[in-house]
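Numbering (the UniProt record's numbering), first residue to last: 1 to 374.
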């Protein structure tokens with residue numbers, strides 16, 4: 001983050017109707033942390049100028065954040081004049097840890113202990129049988145193993161496919177869950193706050209902070225299903241029912257294959273990872289054509305939201321043998337044909353390069369977001 005850039009909105013303080021001093025102090029803490037996260041260093045004087053906070057307020061909040069382990073002091077700020085050089089402040093990666101768990105895979109669940117910047121300090125995974133489905137007991141088992149490898153955990157985060165509302169997995173076709181409370185049993189077991197987010201949202205957070213994503217971003221995740229998350233001016237778009245981005249069951253081809261949801265030709269039935277893998281096994285000689293057609297189907301589904309929201313950056317995460325240059329180039333060509341105009345800048349579709357830890361790193365940031373808001 002550039003030192004002159006304001007904090008991102010989902011780390012910035014929200015509005016409050018109360019004048020409670022604790023609210024003001026918490027908001028100031030989040031504001032200062034958002035300026036520094038993930039990799040900016042500023043002096044107290046620079047923080048004051050960027051936030052408009054008084055010298056006393058900055059000193060008070062910074063002091064408590066240093067004591068808490070959120071930030072640390074570093075070197076001296078550059079000063080072109082003759083005045084005293086201030087001490088730079090940055091994110092502390094040594095004292096506080098986060099446990100982050102990823103449920104996006106079908107054959108195993110994986111998790112890690114991270115620092116406040118999502119750096120993985122210890123990792124583990126729990127294999128599942130071919131016929132097994134993920135149960136809360138599995139998640140507790142993995143979380144316990146991770147908790148045993150660290151102290152000073154500020155929270156546990158779980159990235160899960162499906163519609164997530166206040167720690168509850170409302171609907172998840174991939175997990176076979178409906179109205180499953182994931183937060184409560186984990187909080188009762190481990191006595192730390194628990195955050196639960198859609199895995200596409202976790203991926204978007206990782207791309208925003210640790211990848212190439214900017215404040216306006218559409219993140220697409222290819223897995224057993226297909227999910228998207230959208231960021232507009234650094235504000236996540238979740239929708240009234242927290243189902244924003246669930247594009248897998250949009251019908252692209254009314255004459256296409258039947259879907260368990262009751263419709264035909266849903267995007268998930270046309271281009272999800274299992275569908276494409278099965279099609280390429282059956283017709284290996286048509287691999288390139290299959291992937292190009294899949295890219296066109298995706299671009300067809302995204303063309304309308306791209307036009308409505310003026311999105312110019314689409315990041316696609318998925319298996320590299322599927323989300324390859326054939327797929328991306330075909331999607332780009334189709335999107336150019338359907339959305340390019342004199343009043344709409346070209347939308348770029350690109351492949352996410354973060355790697356298989358994307359949900360873990362992103363969910364670590366989600367835990368930090370929720371911790372700061374308390």
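Every residue gets a Cβ at the ideal spot worked out from N, C-alpha and C, and that includes glycine. In this text, all values refer to a predicted model and were calculated from it rather than measured experimentally.
Best match in the options for proximity to residue i [C-alpha to C-alpha]
i: residue 294; options: 334, 310, 285; result: 334
i: residue 146; options: 109, 208, 133; result: 109
i: residue 300; options: 309, 330, 324; result: 330
i: residue 348; options: 302, 369, 66; result: 302
i: residue 133; options: 200, 308, 191, 105; result: 105
i: residue 128; options: 192, 38, 136; result: 136
i: residue 272; options: 222, 352, 262; result: 222
i: residue 112; options: 315, 257, 150, 28; result: 150
i: residue 180; options: 162, 332, 228, 93; result: 162
i: residue 296; options: 332, 312, 320; result: 332
i: residue 243; options: 207, 211, 215, 199; result: 199
i: residue 28; options: 51, 38, 41; result: 51
i: residue 218; options: 254, 350, 148; result: 350
i: residue 59; options: 69, 94, 44, 263; result: 44
i: residue 367; options: 114, 57, 23, 75; result: 114
i: residue 152; options: 126, 99, 124; result: 99
i: residue 142; options: 190, 326, 257; result: 190
Identified DSSP bridge partners for residue i
i: residue 87; result: 76
i: residue 344; result: 341
i: residue 218; result: 230, 314
i: residue 43; result: 88
i: residue 100; result: 112, 157
i: residue 363; result: Beta-bridge pairing links residue 363 to no other residue.
i: residue 224; result: DSSP lists no partner for residue 224.
i: residue 124; result: 111
i: residue 236; result: 231
i: residue 333; result: The partner list for residue 333 (beta bridge, DSSP) is empty, contrary to what the question assumes.
i: residue 351; result: 316
i: residue 71; result: 91
Residue i: first and last residue of the uninterrupted beta strand (DSSP E) it sits in
i: residue 313; result: 313-317
Nearest-angstrom beta carbon gap, residue j and residue i [assumed within contact, 8 angstroms]
i: residue 182; j: residue 168; result: 7 angstroms
i: residue 101; j: residue 157; result: 7 angstroms
i: residue 232; j: residue 247; result: That belief does not hold up - the Cβ atoms of residue 232 and residue 247 are roughly 16 angstroms apart, past 8 angstroms.
i: residue 71; j: residue 89; result: 5 angstroms
i: residue 196; j: residue 164; result: 5 angstroms
i: residue 213; j: residue 362; result: Contact doesn't hold; Cβ gap of about 11 angstroms is too wide.
Run of the alpha helix (DSSP H) containing residue i, from where it starts to where it stops
i: residue 21; result: 21-36
i: residue 68; result: 55-68
Problem - Complete alpha helix (DSSP H) runs within the stretch 130-199 (minimum length 4 residues, chain order) - result: Runs of the alpha helix (DSSP H) inside the stretch 130-199: 136-147, 183-190.
Problem - alpha helix (DSSP H) runs contained entirely in the stretch 247-309, provided each spans 4 or more residues - result: 267-271, 273-282, 287-309
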